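Enquirer:
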Amino acid sequence: MDDFSQAGTRHISIIGAGLAGAVLATLLVRRGWQVDVYEKRGDPRVQGYVGGRSINLALAERGRHALKLAGGDEAVMAQAVMMRGRMVHFADGRSALQRYGRDDSEVIWSVHRGELNVILLDIAERAGARLHFGRSLESVDFEACRARFCDERDGSTHEVAFQSLVGADGAGSSLRAAMGRVADLQERTEFLGHSYKELEIPPSSDGDFRIEPNALHIWPRGRYMCIALPNDEHTFTVTLFLPNEGEPSFATVRDGADARALFERDFADALPLIPRLEQDFEGNPTGLLATLYLEHWHLGGRAVLLGDAAHAMVPFHGQGMNCAFEDCVALAEHLDRTDNREQAFADFQAERLPNARAIQEMALENYLEMRDRVDNDDYLLQRALEQQLAERHPDRFVPRYAMVTFSRLPYAVALERGRIQRELLVELTAGHDSLDSLDWDHVDTRVLERLTPLPADC
Ligand code: FAD
Ligand code: E0Q
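Using the working numbering, the first residue of the sequence shown is number 744, and each one after it goes up by one.
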């Protein structure tokens, strides 16, 4: 048996060596903890990333901050592709870039999930974490502090002792299920009623990006949409989001031929970019989208959940991984602050649960905004005013997207201030169809009345 049962050894067993598991392991080892990480799948550095497809994610300030603390930012950024804004492809064939930030200091980064995972595993292992692959958590005896794993490659089972378990095992968390068997976590899953399918835009014949590389492309079409994020190998990963029912939906668009007809009608400029549309549509799985709410993230000092295992969200703000990384920093800090694990886990939950709820809500709202509003006139006028107010009052009026994406202000603060800002924008643009007719003295007065200055260091 391991020696961590000896007094004074600070040991943690992490379930899942995905994005959050690898970062948390690194942060804790760097703080002097002993860490074992158990991962269901094989080592992606040995066998190549499972699935083989290129799937990418938007990395923003919160995620980068955690990566810096873990010593991984530089390696990750070496393969990241900058995205300055949304390139909106309208139904009539026009397109326009909507910048995310003020300038190129406020951008987001497209990173390859598989490559990111490999980098993070290397860093964790180099720091001194012990990684165990082919170890799928099956059951936990929380009284005896023993966990049982199965190696899905040969069916063998393995039992290990633990001091505390951390569930970084994603939306379908096995640790959460095990905790739910001995306590009521008050778990609730709300399905969005929309799902997604990934498709690919390969490089052009001379090896270049086929469309503008430094943007997140979006084809908003009311109740549904497509997006595309660039990969460093000059491809784009396209994600088609459709409702599960109605027309069009995954109920009516069932095979490659249906998908082609949908693209001919609604995404005509994207169609010639996706030569393997039929094969991609039929060969790739359809992903479900849901928000997971739990009232309890921990079981005394024995187990705690973070990342998607605690609060899976819909992907429309590109913050799930960023939030999971922020969770890792918070948990490492709380664990360092006290030797009382239950206290550390309770403090972690108290800090993070309200913020997770806030980003879950903002992610849901962003879906409506993305597919419905980015090409609507009221919205564009409000956005124009938002930009003016951000310039006139940089210490008070920071667009909600920027608070979420380019700052580390708590998500709950971004949600609350965003609400006030939205009210101001609606109030001040009411009855106007251009900014020219606004009374700027009145506008400034209202901003000063409703928004306090932000802290300087976020
Ligand atoms: P995961 O990354 O899911 O890792 C869980 C790990 O646990 C995996 O390695 C898994 O194999 C392992 N595991 C599972 N079960 C067991 C078990 N029983 N035993 C042992 N190991 C186990 N986020 C962003 O920040 N930006 C984006 O642009 C973005 N885009 C997205 C697009 C889509 C379509 C989706 C679905 C999500 C997107 N996200 C994005 C969210 C992001 O993918 C997740 O929030 C993030 O992966 C969560 O990290 P995690 O470590 O908690 O879980
Ligand atoms: C980002 C970056 C999957 C996904 C990821 C994202 C974003 C979107 C729409 C989607 C939000 C935005 N966004 O452009 O407002 O900023 O990550 Cl669908």
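In this text, a Cβ means the ideal position worked out from N, Cα and C, and glycines have one as well. Predicted, not measured: the structure shown is a model, and the values here were computed from it.
Per DSSP, what kind of secondary structure is Cys-969 in: helix, strand or coil?
Expert: In the sequence shown, counting from the first residue as 1, residue 969 sits at position 226. The answer is strand: DSSP assigns Cys-969 an E or B state.
Enquirer: What do you reckon, are the CB atoms on Gly-1030 and Tyr-939 nearer than 8 Å?
Expert: The count along the sequence shown starts at 1 and reaches residue 1030 at position 287. The count along the sequence shown starts at 1 and reaches residue 939 at position 196. Yes.
Enquirer: So, for Asn-1098: in the same chain, excluding its five sequence neighbours on each side, which residues have a beta-carbon less than 6 Å away from its beta-carbon?
Expert: In the sequence shown, residue 1098 corresponds to position 355, counting from 1. Around Asn-1098: Pro-1153, Tyr-1154, Ala-1155.
Enquirer: Any chance the region 846-857 sits against the region 814-831, with 3 or more Cβ pairs inside 8 Å?
Expert: At 8 Å Cβ cutoff, the stretches touch.
Enquirer: Quick check: does the Cβ of Glu-1166 come within less than 7 Å of any heavy atom belonging to the ligand FAD?
Expert: Working through the sequence shown from its first residue, we reach residue 1166 at position 423. No.
Enquirer: Run through DSSP, which three-state label would Arg-878 get?
Expert: Here the question's residue 878 lines up with position 135 in the sequence shown. Three-state DSSP puts Arg-878 in coil, outside helix and strand.
Enquirer: Among Gly-806, Lys-811, Gly-923, Lys-783, which residue has its Cα nearest to the Cα of Arg-896?
Expert: Here residue 896 refers to the residue found at position 153 when the sequence shown is read from its first residue. Nearest of Gly-806, Lys-811, Gly-923, Lys-783 to Arg-896, Cα basis: Lys-783.
Enquirer: Confirm, please, whether the CB-CB distance from Asp-912 to Leu-880 is below 8 Å.
Expert: Here residue 880 refers to the residue found at position 137 of the sequence shown. Here residue 912 refers to the residue found at position 169 of the sequence shown. Contact flag set, yes.
Enquirer: Can you find the residues in the same chain that come closer than 6 Å, C-beta to C-beta, to Ala-834, ignoring five residues on each side of it along the sequence?
Expert: Position 91 of the sequence shown holds residue 834. Correct list: empty, nothing qualifies.
Enquirer: Verify the contact flag: Gly-1061, CB atom, against every heavy atom of the ligand E0Q, threshold strictly below 7 Å.
Expert: The residue you call residue 1061 lines up with position 318 of the sequence shown. Yes.
Enquirer: With 16 other CB atoms within 10 Å as the buried threshold, where does Trp-1183 fall?
Expert: Position 440 of the sequence shown, counted from the start, is the residue given in the question as residue 1183. Trp-1183 is exposed by the Cβ-count criterion.
Enquirer: With distances taken from CA atoms, which of Leu-1124, Leu-1158, Gln-1130 is nearest Pro-1180?
Expert: Residue mapping note: residue 1180 aligns to position 437 of the sequence shown, counting from 1. A small fix is needed here, since residue 1180 is Ser in this sequence, not Pro. Answer by Cα proximity: Leu-1124.
Enquirer: Give the straight-line distance between the Cα atoms of Pro-945 and Phe-993, rounded to the nearest whole angstrom.
Expert: The residue you call residue 945 lines up with position 202 of the sequence shown. The residue you call residue 993 lines up with position 250 of the sequence shown. Using only the alpha carbons, I get a separation of about 24 Å.
Enquirer: Kindly indicate the opening and closing residues of the alpha helix (DSSP H) around Lys-811.
Expert: Numbered from its first residue, the sequence shown carries residue 811 at position 68. 804-813 is the span of the alpha helix (DSSP H), which, as asked, contains Lys-811.
Enquirer: Pairs of beta-carbons, one from the region 802-812 and one from the region 976-987, closer than 8 Å: are there three or more?
Expert: These segments do not touch.
Enquirer: Assuming Ser-756 and Ala-890 form a contact by the criterion Cβ under 8 Å, report the distance between their Cβ atoms to the nearest whole angstrom.
Expert: Looking up residue 756 in the sequence shown gives position 13. Looking up residue 890 in the sequence shown gives position 147. Right, the Cβ-Cβ distance comes to about 7 Å (below 8 Å), so this counts as a contact.
Enquirer: If you count every other CB in all the chains shown that lies within 10 Å of the CB of Pro-1018, and 16 or more means buried, which is it?
Expert: Numbered from 1 along the sequence shown, position 275 holds the residue referred to as residue 1018. Exposed, because fewer than 16 other Cβ atoms sit within 10 Å of the Cβ of Pro-1018.
Enquirer: Which class does Cys-893 belong to by DSSP, given the choice of helix, strand or coil?
Expert: Counting from 1 along the sequence shown, the entry for residue 893 is found at position 150. Strand.
Enquirer: For Val-827, which of Arg-837, Val-850, Phe-1149 has the nearest alpha-carbon?
Expert: Here the question's residue 827 lines up with position 84 in the sequence shown. Note that residue 827 is Arg in the sequence shown here, rather than Val. When each option's Cα is compared against that of Arg-827, the closest is Val-850.
Enquirer: From Gln-841 to Arg-1126, what distance separates their C-alpha atoms?
Expert: Stepping through the sequence shown from its first residue, residue 841 is reached at position 98. Stepping through the sequence shown from its first residue, residue 1126 is reached at position 383. Rounded to the nearest angstrom, the two C-alpha atoms are 10 Å apart.
Enquirer: Check each candidate in Ala-1093, Asn-974, Asp-949 and name the one with the smallest Cα separation from Leu-859.
Expert: In the sequence shown, counting from the first residue as 1, residue 859 sits at position 116. Leu-859 has its Cα closest to that of Asn-974, out of Ala-1093, Asn-974, Asp-949.
Enquirer: For Asp-779, count the other beta carbons within 10 Å of its own beta carbon; 16 or more makes it buried, fewer makes it exposed. Which is it?
Expert: Position 36 of the sequence shown, counted from the start, is the residue given in the question as residue 779. Result: buried.
Enquirer: Could you check if Arg-1069 is buried or exposed, using at least 16 other CB atoms within 10 Å of its CB as the buried criterion?
Expert: In the sequence shown, counting from the first residue as 1, residue 1069 sits at position 326. Reading off the sequence, residue 1069 comes out as Glu, not Arg. When all chains shown are included, Glu-1069 counts as buried.
Enquirer: Pull up the distance between the alpha-carbon of Ala-768 and that of Ala-867, whole angstroms please.
Expert: What you label residue 768 is simply residue 25 of the sequence shown in a count that begins at 1. What you label residue 867 is simply residue 124 of the sequence shown in a count that begins at 1. Approximately 6 Å, taken between the alpha carbons.
Enquirer: For Gln-1092, write down the residues that DSSP places opposite it in a beta bridge.
Expert: For the purposes of this step, residue 1092 is taken as residue 349 along the sequence shown, with counting starting at 1. Gln-1092 is not bridged to any residue.
Enquirer: Output yes or no for whether 8 Å exceeds the beta carbon distance between Leu-728 and His-937.
Expert: With the chain covering 744 to 1201 only, the question about residue 728 has no answer from this structure.
Enquirer: What's the call for His-688, buried or exposed, on a 16-neighbour Cβ count within 10 Å?
Expert: With the chain covering only 744 through 1201, there is no way to say anything about residue 688.
Enquirer: So, helix, strand or coil for Met-1113, using DSSP?
Expert: The residue given as residue 1113 occupies position 370 in the sequence shown. Met-1113: helix per DSSP, three-state reduction.
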